[in-house]
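Quick note on this note's numbering: the sequence shown kicks off at -15 and runs consecutively.
Yeah, the Cβ is synthetic: ideal placement off N, Cα and C, and Gly gets one too.
This one's a predicted model, so the numbers in the text were calculated from it and none came from an experiment.
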Amino acid sequence: MTTAPLRAAVLAALTLMAVAGCNRDADNPPADTAPPADTTTPPADTTTPPADTTTPPTDTTTPPTDTTTPPETGAPPPTEGTQTPTTPPTGDQNPPSDQTTPPAR
């Protein structure tokens, strides 16, 4: 028996498998390759928020004017029915009476 036809058959089979992309080792398939890492850097946010240009309303209310009259300084005016004090009199306040005491008996 010649090995040439057997050798040709094996060579043809291996060639077909290589061309067809068959995996000769079905129990140990090639590992999946990871996709390339994303190395792109997102652009920085350079937008500036608008400044708050609102002006708060001005308080235009006027406080009420005090219309009460302040009390006068000094002594209060005399009330009705009272007399203004005067300078006390000088001298004897109890002059002797004209009545004489009768002599004792």
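In angstroms, rounded to a whole number, what distance separates the CA positions of residue i and residue j?
{"i": "ALA28", "j": "ALA35", "result": "20 Å"}
{"i": "ALA(-12)", "j": "THR17", "result": "40 Å"}
{"i": "MET1", "j": "LEU(-10)", "result": "17 Å"}
{"i": "THR57", "j": "THR42", "result": "40 Å"}
{"i": "ASP50", "j": "THR39", "result": "32 Å"}
{"i": "THR25", "j": "VAL3", "result": "41 Å"}
{"i": "THR63", "j": "THR46", "result": "39 Å"}
{"i": "ALA21", "j": "THR31", "result": "28 Å"}
{"i": "LEU(-2)", "j": "THR(-14)", "result": "20 Å"}
Taking only three categories from DSSP, how would you classify residue i?
{"i": "THR38", "result": "coil"}
{"i": "ALA28", "result": "coil"}
{"i": "THR23", "result": "coil"}
{"i": "ALA(-8)", "result": "helix"}
{"i": "ALA18", "result": "coil"}
{"i": "THR(-1)", "result": "helix"}
With a CB to CB cut of under 6 Å and the five nearest residues on each side skipped, what residues in its chain are close to residue i?
{"i": "THR52", "result": "none"}
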